[in-house]
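Heads up: the sequence shown runs through residues -17 to -1, 1 to 292, numbered per mature numbering (1 follows the signal peptide of the UniProt record, and there is no 0). The block underneath contains the structure these notes are about, expressed in structure tokens.
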Amino acid sequence: MAFLLVSAYLLLTHTQGVPVENGALLETLKSQVGLFSNKSEHYSAQVRPPGTSRRIPQTIIIGVRKGGTRALLEMLDIHPNIVVAATEVHFFDWDENYVKGIDWYRSLMPFSYGNQITIEKTPGYFTSPEAPERIHDMNSSIKLLLILRDPTERVISDYTQVYYNRVESRKPVQLFEDIVIKNGALNTKYKAIQRSLYDVHMEKWLKHFSLDQIHIVDGNTLIKDPLPELQKVERFLNLPSRIVSSNFYFNQTKGFYCIRSDGRERCLHESKGRPHPLVNNTVLEQLYSYFREHNAKFYRMVNHSFDWH
């Protein structure tokens, strides 16, 4: 970054030949540096690189929560023909955002060139009753990415995130079993369980989109061996194959794959990959049994089976 700032300073003083006040100089340098990268995360919010524009996403990662959406987005951002929104937008699932209109939504997208695909991800879309119709109204031919994992693992991961958030906020916490089991029976009204009923939610999406518009990424496989899953996404999006095995390395400390691109290495945030609590085997079997029928129905809906319990 220091090198880029110095280079920008020399370019600025050489081309303009006049002194610049410190504040204005800083902003101008930021603008100059912002032009040195074609990845959206490096752009200043005020700078529009020549030949680019903010565009409505051509692809959306619609979910699922705790399925690996952040990992998928970060890994796809390696591809030179993909730019990604930096934050979860929650446009189609939050009424207070949806009423702001499509121009507001577009304003939150990164700058992109004509040969690039803009992608945003909001895991809440998959379980939202309104999101399928709203996205269809925006673009009926859009391509959607849905990353899923074993529904029982997803429930435990969902609990784990809430648990750590409550601990960090110094709020009271409950054991997993005390939430999942009520009066000796499975608490099927627990939101984390409801989110794992993939067949129920998928049925709503298939009312608005054909199956060939929705590509399902196997979240369990993505964690263990990311490249094959990402190559499938490249084909689904009709992109040239640019993501390679050297873009990933296994981090023994974290226990999952990290990313290597553009001469730098990065791992997902420390909140990712947190250890799950040990769950009573009886409770696990109850969860497996409950999801079994829903999983079978989901397999039939998407014409594909997964290695889930």
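Here a beta-carbon is modelled for each residue, glycine too, at the ideal position from N, C-alpha and C.
Cβ neighbours of Thr105 in the same chain (closer than 6 Å, five flanking residues each side left out): Glu71, Val72 and His73
Closest residue to Asp201 among Ala175, Gln41 and Lys49 (Cα-Cα distance): Lys49
Backbone CA spacing between Phe289 and Ile164 [nearest angstrom]: 26 Å
Length-filtered (4 minimum) alpha helix (DSSP H) runs lying within the segment 154 to 213: 159 to 163, 174 to 178, 181 to 188 and 202 to 207
Thr265: first and last residue of the uninterrupted beta strand (DSSP E) it sits in: Unbroken run through Thr265 is the alpha helix (DSSP H), Asn264 to Val285; no beta strand (DSSP E).
Reference Pro209; option with closest CA among Leu189, Asp195, Gln196 and Phe233: Phe233
Proximal residues to Phe274 (C-beta, below 7 Å), its chain only, five neighbours per side dropped: Pro134, Thr135 and Ser179
At least three beta-carbon pairs within less than 8 Å, the segment 73 to 90 to the segment 221 to 241: no
Identity of the residue in Ser111, Ala68 and Ile100 nearest Ser90 by Cα: Ala68
Member of Glu276, Leu169, Ile118 and Pro155 whose CA lies at the smallest distance from the CA of Leu267: Leu169
8 Å CB neighbourhood of Pro155 in its chain, flanking five on each side removed: Arg149
Cutoff 6 Å; reference Asn263; Cβ partners in own chain excluding five residues on either side: Glu160
Own chain residues within Cβ distance below 7 Å of Asp141, not counting five before or after: Arg48, Lys49, Ala175 and Arg178
Whole-angstrom distance between His119 and Phe171, CA atom to CA atom: With the sequence shown as reference, residue 171 is identified as Thr, and Phe is not the correct amino acid for it. Using only the alpha carbons, I get a separation of about 30 Å.
Chain-order list of residues whose beta-carbon lies under 7 Å from that of Thr(-3) (same chain, five-residue window excluded): With a pLDDT of 36 at Thr(-3), under the threshold of 50, the modelled position of this residue cannot be trusted; read the value that follows with caution. Same-chain partners within the cutoff: there are none.
Val66: first and last residue of the uninterrupted beta strand (DSSP E) it sits in: Ile65 to Val67
Three-state class that DSSP yields for Arg257 in the structure shown: coil
Spatial distance of Leu55 from Leu205 (CA atoms): 8 Å
Backbone CA spacing between Pro63 and Thr101 [nearest angstrom]: 11 Å
Beta-carbon separation (whole angstroms), Ile199 vs His287, contact threshold 8 Å: 7 Å
Contact check, Gln196 vs Leu127, beta carbons under 7 Å: yes
Same chain, Cβ closer than 8 Å to Ser272, five either side skipped, listed in chain order: none
Through-space distance from Ile39 to Gly97, alpha-carbon basis: 12 Å
Outcome for Glu212 when other beta-carbon atoms lying within 10 angstroms are tallied against a minimum of 16: buried
C-beta atoms of Thr143 and Arg225 nearer than 7 Å: no
Candidates Thr265, Thr35 and Gly51, of which the one nearest Gly167 by Cα: Thr265
Coil, strand or helix - Gly238 by DSSP: coil
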